[in-house]
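Below is one structure; the comments refer to it alone.
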Amino acid sequence: MEPLQIWLVRLLEQDNPVAPIMRTAWGWPIMESLHFVGLSMLVGAIAIFDLRLLGVGRRIPMAAARRLVPWGLGGFALSILTGITFLMTEPNQYIYNSAFLLKIVFVMVAGLNAAIFALTPFGRQLPDNGGATPRSAKVIATISLCLWVATIVSGRLITFYRPGICKPDEARFVATCIP
Amino acid sequence: MSLDPFLLWLESTSLSVWVREEPSIYAFPLILSLHTIGLGFVAGINAVIALRMLGVAGSIPIAELRRFLPTMWASFWLNAVSGVVLLIGYPTKALTNPVFYLKLLLIAGGVLLIRYIAPRVFASDAAGEAAAARMRPLAWAALICWVGAIFAGRLLAYTHSRLLQGI
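Pasting the structure below:
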């Protein structure tokens, strides 16, 4: 994986308009705050939707709960966009960070899980008010909640797995920078 | 009157030292993670309630959103406890920073608002719909409080003037 990581860091380190803005006094703190606002929007929508599938708030028709999906996706987009600004400014702090790589895996699996729900019969023909949810949908909802919580945890752990300064031409590069 | 002697004592307690110095991933990083999970559920569920009052997802029977209050309050108390533990770890950092008091004010505002809103909006669908229409400014205020609390909380990492006594 090292060649891919080195290539990615080089690609991201190329002149980009984002890094100078991020390095101003307010750039990084504001982007981080927005990252957390996006996280909250996503978690809020996910909480209502997945807990409804698990039987909380049964009078809410699934069609009504689905109205929250655009807000969840909006929050997700906000977090992805602000996340990209971090990645573009300090690529080696993320690309060589095992907590970050784990976070990306969690997000991708959560996305796959949501896609399975949205695009296959598992998520279709769910009962409206009061009806019991099929077990398959409950499994998907549980997995979704767990994966987003895992995403938050691995995101918070990024700080504690910082690789130090990573330059591919340094002697200890492989030992200190490749997770 | 200076807070410093009290802060110095607090920083010398074994819990404070443990929060700062225990290298295990199950200490400080876990507490911080729990605080962030709680943040997502508290701000997120409050935001959904406020947005519903403002007309988003109007087909959700408004009073049924009360079923999510226990999750919201459980997350709130998770954050109150994890927040106090983080505060015990770095009391000088937070208590000498005006932004920390702003964060507490915004959280207090959000809590007072949901405590005022919930019994009125969740009484029944019909009464709740009327109450929500009346209380739209309060829904906006709630959104501002929770977004503001997130900003203030994040800025704590950047705006402190002192980290510990003597530092």
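Sequence lines, in order, name chains W and G. Taking my numbering, the leading residue of the first sequence gets 2, the next gets one more, and so forth. Taking my numbering, the leading residue of the second sequence gets 13, the next gets one more, and so forth. Note that beta-carbon positions come from the ideal geometry of N, C-alpha and C, so glycine has one too.
Legend entry - Contact set between PHE37 of chain W and chain G, taken where Cβ atoms lie within less than 9 Å: Under the 9 Å cutoff, chain G gives THR48, LEU51, GLY52, ALA55, ILE162, PHE163, GLY165 and ARG166.
Inset, instruction - Could you please tell me which residues of the region 25-36 of chain G, in chain order, have their CB closer than 8 Å to any CB of chain W? - result: Within the region 25-36 of chain G, no residue qualifies.
Inset, instruction - Put GLN94 of chain W into one of helix, strand or coil per three-state DSSP. - result: Of the three classes helix, strand and coil, the one that applies to GLN94 of chain W here is helix, per DSSP.
Inset, instruction - Kindly indicate if chain G contains any beta-carbon less than 8 Å away from that of VAL108 of chain W. - result: No, its Cβ sits nowhere closer than 8 Å to a Cβ of chain G.
Legend entry - Cutoff 8 Å: GLY45 of chain W Cβ touching any chain G Cβ: It does: the Cβ of GLY45 of chain W has a partner Cβ on chain G nearer than 8 Å.
Inset, instruction - Taking the CB atoms as reference points, tell me whether GLN177 of chain G and THR104 of chain G lie closer together than 8 Å. - result: Using a Cβ distance threshold of 8 Å, GLN177 of chain G and THR104 of chain G count as a contacting pair.
Inset, instruction - Pull up the distance between the alpha-carbon of VAL93 of chain G and that of VAL123 of chain G, whole angstroms please. - result: Cα to Cα, VAL93 of chain G sits roughly 16 Å from VAL123 of chain G.
Legend entry - Contact set between the region 115-128 of chain G and chain W, restricted to residues whose Cβ is under 9 Å from the partner: Listed in sequence order: no entries.
Legend entry - Interface residues of chain G facing ALA201 of chain W [CB-CB closer than 7 Å]: With chain W represented from 2 up to 180, any question about residue 201 of chain W goes unanswered, as that position is not in the structure.
Legend entry - GLU148 of chain G - DSSP class collapsed to helix/strand/coil: Note that residue 148 of chain G is Arg in the sequence shown, not Glu. Helix at ARG148 of chain G.
Inset, instruction - Identify the contact partners of ILE61 of chain W in chain G, using a Cβ-Cβ distance below 7 Å as the criterion. - result: Within chain G, the residues near ILE61 of chain W are ILE72, PRO73 and GLU76.
Legend entry - Three-way DSSP call (helix, strand, coil) for SER173 of chain G in this model: Here DSSP, grouped into helix, strand and coil, assigns SER173 of chain G to coil.
Inset, instruction - Within 10 angstroms of the Cβ of TRP152 of chain G, are there 16 or more other Cβ atoms? Answer buried if so, exposed if not. - result: TRP152 of chain G comes out exposed.
Inset, instruction - Within its chain, find whatever has a CB closer than 6 Å to the CB of ALA46 of chain W; leave out the 5 residues flanking it on each side and keep chain order. - result: Shown here for ALA46 of chain W: same chain residues with a beta carbon closer than 6 Å to its own, the five before and five after excluded, namely LEU69, TRP72 and GLY73 in chain order.
Legend entry - Nonlocal neighbours in the same chain, by C-beta distance under 7 Å from PRO21 of chain W, ignoring five residues either side: Nothing listed; no residue qualifies.
Inset, instruction - Would you please verify whether the beta carbon of GLY84 of chain W is less than 8 Å from any beta carbon of chain G? - result: GLY84 of chain W is outside the set of residues whose beta carbon lies under 8 Å from a beta carbon in chain G.
Legend entry - LEU158 of chain W versus LEU20 of chain G - alpha carbon distance: Whole-angstrom Cα-Cα distance: 29 Å.
Legend entry - Closer than 9 Å at the beta carbon, the chain G residues around GLY58 of chain W: Listed along chain G are ILE72, PRO73, GLU76, LEU77, ARG78, ARG79 and PHE80, each with a C-beta nearer than 9 Å to that of GLY58 of chain W.
Legend entry - Whole runs of the beta strand (DSSP E) within the region 78-143 of chain G, excluding any shorter than 3 residues: Here no run is fully enclosed.
Inset, instruction - Starting from THR152 of chain W, follow the alpha helix (DSSP H) in both directions and report where the run begins and ends. - result: Unbroken alpha helix (DSSP H) run through THR152 of chain W: 136-158.
Legend entry - Where ALA154 of chain G meets chain W, residues with beta-carbon distance less than 8 Å: Those do not exist, as ALA154 of chain G stays about 12 Å from chain W at its closest Cβ, beyond 8 Å.
Legend entry - Extent of the continuous alpha helix (DSSP H) to which ILE37 of chain G belongs: Segment: none, ILE37 of chain G is in no alpha helix (DSSP H) and carries neither H nor E.
Legend entry - Buried/exposed call for THR48 of chain G, threshold 16 Cβ in 10 Å: Its Cβ being crowded by 16 or more others within 10 Å, THR48 of chain G is buried.
Legend entry - Any chain W beta carbon closer than 8 Å to VAL159 of chain G: So, interface residue.
Legend entry - Cβ contact check for the region 145-165 of chain G and the region 69-84 of chain G: 3 or more pairs under 8 Å: No, the region 145-165 of chain G does not touch the region 69-84 of chain G.
Inset, instruction - Just the C-alpha distance for LEU66 of chain G and VAL31 of chain G, rounded to the nearest angstrom, thanks. - result: About 41 Å.
Inset, instruction - Establish whether the CB of SER41 of chain W and some CB of chain G are separated by less than 8 Å. - result: Taking Cβ atoms only, chain G reaches closer than 8 Å to SER41 of chain W, which makes this a yes.
Inset, instruction - Answer with yes or no whether the minimum CB distance from LEU44 of chain G to chain W is below 8 Å. - result: Yes, its Cβ sits closer than 8 Å to a Cβ of chain W.
Inset, instruction - Look at GLY84 of chain W and THR134 of chain W and say whether their C-beta atoms are less than 8 Å apart. - result: Their beta carbons are not under 8 Å apart, which means GLY84 of chain W does not touch THR134 of chain W by this criterion.
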